[in-house]
Amino acid sequence: AQSVAQPEDQVNVAEGNPLTVKCTYSVSGNPYLFWYVQYPNRGLQFLLKYITGDNLVKGSYGFEAEFNKSQTSFHLKKPSALVSDSALYFCAVRGLNDMRFGAGTRLTVKP
Amino acid sequence: NAGVTQTPKFQVLKTGQSMTLQCAQDMNHNSMYWYRQDPGMGLRLIYYSASEGTTDKGEVPNGYNVSRLNKREFSLRLESAAPSQTSVYFCASSERERVNTEAFFGQGTRLTVV
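So the protein lines, in turn, are chains A and B.
Heads up: the first sequence begins at 16 in the working numbering, then just goes up one per residue.
Heads up: the second sequence begins at 2 in the working numbering, then just goes up one per residue.
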């Protein structure tokens, strides 16, 4: 079965500093990986996805993600964090018929 | 641009009561999903439907039933609600044929069972 894991429940960074939210995956075959963000009392919003061949993926709001096949990781990054980036972030893996999510990482960016 | 619409947004049930959560999408997607979100556990897949007329169990199907009424609509039913089913429920949809496309989510239903 396909799965993703987010090893950190919480990530705290100062505004202006780079941020990383970690995700590792376990799949058979090609990985179809996604990052979503959830703001309070809202549904999930798509941020970016892995497309085969592009190890560095750029997405919405200045976020990017680095795919590493040897480490089976797909970490979310941003060069300079904003207070407004504070939210819950989910990594996900998609199969033909379903989509599975990690437990989520709460990102807090402090002024 | 409605996207994925869920009703109701909030609901309080007494233990043993039944209810149906409604979901509709207007993007002509084949695949639809129901998830529940609980603190510290992320989103867990309850049921999914790869196409009209088909449904399959996800990670946590016990206590739930689903109906894929047509291509647009996918409902989730709690026959006899239990406090353990207190959660936030999300419906989502995606294209089935293109696996590298993202899913779109509704705004969620906050359900409390007392």
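All residues carry an ideal CB built from backbone N, CA and C; glycine is no exception.
In the displayed model, Gln17(A) falls within coil according to three-state DSSP, outside both helix and strand.
Restricting attention to Val19(A), Asn56(A), Thr123(A) and Val124(A), the CA atom closest to the CA of Val42(A) is found in Val19(A). Against chain A, the beta carbon of Glu96(B) has no neighbour under 8 Å; the closest one sits roughly 10 Å away.
Among the residues facing chain B, Ala20(A) is not included, as its CB has no counterpart in that chain under 8 Å away. In this structure, the straight-line span from the alpha carbon of Ala29(A) to that of Ala51(B) is close to 43 Å. For Phe49(A), a Cβ of chain B is located within less than 8 Å of the residue's own Cβ. If only complete runs of 3 or more residues are kept, the stretch 81 to 111 of chain A shows the beta strand (DSSP E) at 88 to 93 and 102 to 109, in order along the chain. Residue pairing by DSSP places Arg121(A) opposite Gln25(A) and Leu103(A) in a beta bridge. In this chain, the beta strand (DSSP E) harbouring Tyr49(B) covers Gly43 to Ser50.
Residue contact check for Ala118(A) against chain B: a CB pair falls below 8 Å. Residue-level contact by beta carbon fails for Phe89(A) and chain B, as no gap is shorter than 8 Å. Along the stretch 95 to 118 of chain A, going in chain order, the ones with a CB nearer than 7 Å to a CB of chain B are Phe105, Arg109, Leu111, Asn112, Asp113, Met114, Arg115, Phe116, Gly117 and Ala118.
Taking C-alpha positions only, Thr67(A) is separated from Gly77(A) by approximately 21 Å. Shown here, Ser19(B) sits in coil according to DSSP, grouped into three states, outside any helix or strand.
A contact between stretches requires three or more CB pairs, one per stretch, nearer than 8 Å, and the stretch 3 to 15 of chain B meets this requirement with the stretch 24 to 41 of chain B.
Relative to the Cα of Lys64(A), the nearest Cα in the group Gly58(A), Tyr51(A), Asn56(A) and Pro55(A) belongs to Tyr51(A).
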